[in-house]
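Numbering (the numbering used here), first residue to last: 1 to 134. Here's the structure we're looking at; comments come further down.
Spelled out as C-alpha coordinates, the structure:
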(Lines of atoms letter the chains of each structure in order from A; the text may use other names.)
(Lines give C-alpha, C1' and ligand atoms only; values in the text may rest on other atoms or scores of the structure.)
Protein backbone atom coordinates (compact mmCIF):
# COMPACT_ATOMS: atom_id res chain seq x y z
CA UNK A 1 0.00 0.00 0.00
CA UNK A 2 1.40 3.37 -0.93
CA UNK A 3 1.14 4.78 2.57
CA UNK A 4 3.11 7.87 1.53
CA UNK A 5 -0.06 9.10 -0.16
CA UNK A 6 -2.20 8.46 2.93
CA UNK A 7 -2.15 9.97 6.40
CA UNK A 8 -1.74 7.66 9.38
CA UNK A 9 -5.44 8.07 10.10
CA UNK A 10 -6.40 7.18 6.53
CA UNK A 11 -4.11 4.15 6.55
CA UNK A 12 -5.65 2.96 9.82
CA UNK A 13 -9.12 3.34 8.31
CA UNK A 14 -8.14 1.31 5.22
CA UNK A 15 -6.80 -1.44 7.49
CA UNK A 16 -10.03 -1.37 9.55
CA UNK A 17 -12.15 -1.75 6.42
CA UNK A 18 -9.98 -4.62 5.17
CA UNK A 19 -10.26 -6.38 8.53
CA UNK A 20 -14.05 -6.04 8.38
CA UNK A 21 -14.03 -7.51 4.85
CA UNK A 22 -12.01 -10.48 6.12
CA UNK A 23 -14.44 -10.99 9.03
CA UNK A 24 -17.47 -11.12 6.73
CA UNK A 25 -15.72 -13.04 3.96
CA UNK A 26 -16.05 -10.40 1.24
CA UNK A 27 -13.27 -11.97 -0.82
CA UNK A 28 -13.79 -9.90 -3.97
CA UNK A 29 -13.55 -6.53 -2.28
CA UNK A 30 -10.69 -7.66 -0.06
CA UNK A 31 -8.70 -8.85 -3.09
CA UNK A 32 -9.20 -5.39 -4.62
CA UNK A 33 -7.50 -3.88 -1.56
CA UNK A 34 -4.58 -6.27 -2.03
CA UNK A 35 -4.37 -5.46 -5.73
CA UNK A 36 -4.07 -1.79 -4.78
CA UNK A 37 -1.12 -2.48 -2.50
CA UNK A 38 -2.47 -3.51 0.89
CA UNK A 39 0.00 -6.06 2.31
CA UNK A 40 -1.51 -9.55 2.66
CA UNK A 41 -0.10 -9.79 6.19
CA UNK A 42 -1.29 -6.41 7.45
CA UNK A 43 -2.32 -6.55 11.12
CA UNK A 44 -4.84 -4.82 13.33
CA UNK A 45 -3.87 -3.40 16.76
CA UNK A 46 -4.33 -6.88 18.31
CA UNK A 47 -1.91 -8.40 15.82
CA UNK A 48 -4.61 -10.24 13.89
CA UNK A 49 -3.94 -10.72 10.20
CA UNK A 50 -6.57 -10.87 7.49
CA UNK A 51 -6.03 -14.66 7.39
CA UNK A 52 -6.61 -14.91 11.14
CA UNK A 53 -9.91 -13.07 10.95
CA UNK A 54 -11.14 -14.87 7.84
CA UNK A 55 -10.14 -18.24 9.34
CA UNK A 56 -11.76 -17.56 12.71
CA UNK A 57 -15.00 -16.54 11.03
CA UNK A 58 -15.07 -19.57 8.72
CA UNK A 59 -14.43 -18.00 5.33
CA UNK A 60 -12.41 -20.68 3.54
CA UNK A 61 -12.58 -18.97 0.13
CA UNK A 62 -11.22 -15.76 1.62
CA UNK A 63 -8.46 -17.67 3.41
CA UNK A 64 -7.49 -19.40 0.15
CA UNK A 65 -7.47 -16.08 -1.74
CA UNK A 66 -5.23 -14.47 0.88
CA UNK A 67 -2.86 -17.42 0.94
CA UNK A 68 -2.67 -17.36 -2.87
CA UNK A 69 -1.56 -13.73 -2.59
CA UNK A 70 1.27 -14.44 -0.18
CA UNK A 71 -0.33 -14.28 3.26
CA UNK A 72 1.53 -16.23 5.95
CA UNK A 73 -0.64 -19.12 7.24
CA UNK A 74 1.35 -19.23 10.49
CA UNK A 75 1.50 -15.60 11.56
CA UNK A 76 0.28 -15.41 15.13
CA UNK A 77 -1.57 -12.53 16.75
CA UNK A 78 -0.45 -10.62 19.84
CA UNK A 79 -1.84 -13.41 22.04
CA UNK A 80 0.24 -16.03 20.23
CA UNK A 81 -2.77 -17.62 18.52
CA UNK A 82 -2.43 -19.04 15.01
CA UNK A 83 -5.09 -19.06 12.29
CA UNK A 84 -5.04 -22.87 12.27
CA UNK A 85 -5.66 -23.15 16.02
CA UNK A 86 -8.45 -20.57 15.71
CA UNK A 87 -10.12 -22.51 12.91
CA UNK A 88 -9.87 -25.73 14.93
CA UNK A 89 -11.36 -23.97 17.97
CA UNK A 90 -14.28 -22.68 15.90
CA UNK A 91 -14.85 -26.03 14.14
CA UNK A 92 -14.17 -24.60 10.68
CA UNK A 93 -13.13 -27.80 8.91
CA UNK A 94 -12.88 -26.31 5.41
CA UNK A 95 -10.64 -23.52 6.70
CA UNK A 96 -8.46 -26.08 8.50
CA UNK A 97 -8.11 -28.00 5.23
CA UNK A 98 -7.17 -24.82 3.33
CA UNK A 99 -4.55 -23.82 5.90
CA UNK A 100 -3.04 -27.30 6.00
CA UNK A 101 -2.91 -27.38 2.20
CA UNK A 102 -0.92 -24.13 2.36
CA UNK A 103 1.58 -25.74 4.73
CA UNK A 104 0.39 -24.29 8.05
CA UNK A 105 2.54 -25.53 10.94
CA UNK A 106 0.70 -27.64 13.50
CA UNK A 107 3.10 -26.55 16.23
CA UNK A 108 2.96 -22.77 15.79
CA UNK A 109 1.28 -20.63 18.42
CA UNK A 110 -0.11 -21.01 21.90
CA UNK A 111 -1.93 -23.27 22.10
CA UNK A 112 -0.57 -25.10 19.10
CA UNK A 113 -3.01 -26.31 16.47
CA UNK A 114 -2.06 -29.87 17.43
CA UNK A 115 -3.08 -29.18 21.04
CA UNK A 116 -6.28 -27.40 19.98
CA UNK A 117 -7.24 -30.36 17.77
CA UNK A 118 -6.81 -32.68 20.74
CA UNK A 119 -8.78 -30.51 23.15
CA UNK A 120 -11.68 -30.03 20.73
CA UNK A 121 -11.76 -33.62 19.42
CA UNK A 122 -10.70 -32.65 15.91
CA UNK A 123 -7.50 -34.67 15.50
CA UNK A 124 -9.03 -36.44 12.49
CA UNK A 125 -8.50 -33.19 10.58
CA UNK A 126 -4.75 -33.55 11.03
CA UNK A 127 -4.60 -36.91 9.22
CA UNK A 128 -2.42 -36.53 6.17
CA UNK A 129 -0.92 -33.22 7.31
CA UNK A 130 2.89 -33.13 7.51
CA UNK A 131 3.63 -34.28 11.06
CA UNK A 132 -0.14 -34.86 11.48
CA UNK A 133 -1.31 -37.18 14.23
CA UNK A 134 1.70 -38.20 16.19
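Even glycine gets a Cβ: it sits at the ideal position worked out from N, Cα and C.
Euclidean distance between Cα positions of residue 19 and residue 12:
10 Å
Contact check, residue 113 vs residue 85 under 8 Å by CB: the rounded distance?
5 Å
If residue 74 sits next to residue 25, beta carbons under 8 Å apart, how far is it from one beta carbon to the other, in whole angstroms? In fact, because the Cβ distance is near 21 Å, the residues do not count as touching under 8 Å.
Next item on the list: Whole angstroms is fine: what's the gap from residue 23's alpha carbon to residue 110's?
Entry: 22 Å
**Cα-Cα separation between residue 115 and residue 5, rounded to whole angstroms** = 44 Å
* Looking at residue 88 and residue 65, is the spacing between their C-beta atoms short of 8 Å? -> no
* Among 81, 67, 119, which has the Cα closest to the Cα of residue 97? -> 67
| request: Could you name the residues of the same chain whose beta carbon sits closer than 7 Å to that of residue 52, not counting the 5 residues immediately before and after it, in chain order? | output: 77, 83, 86
Requested in this report: Pull up the DSSP beta-bridge partners for residue 49, would you.
Outcome: 43
Residue 59 (DSSP reduced to helix, strand or coil) = coil
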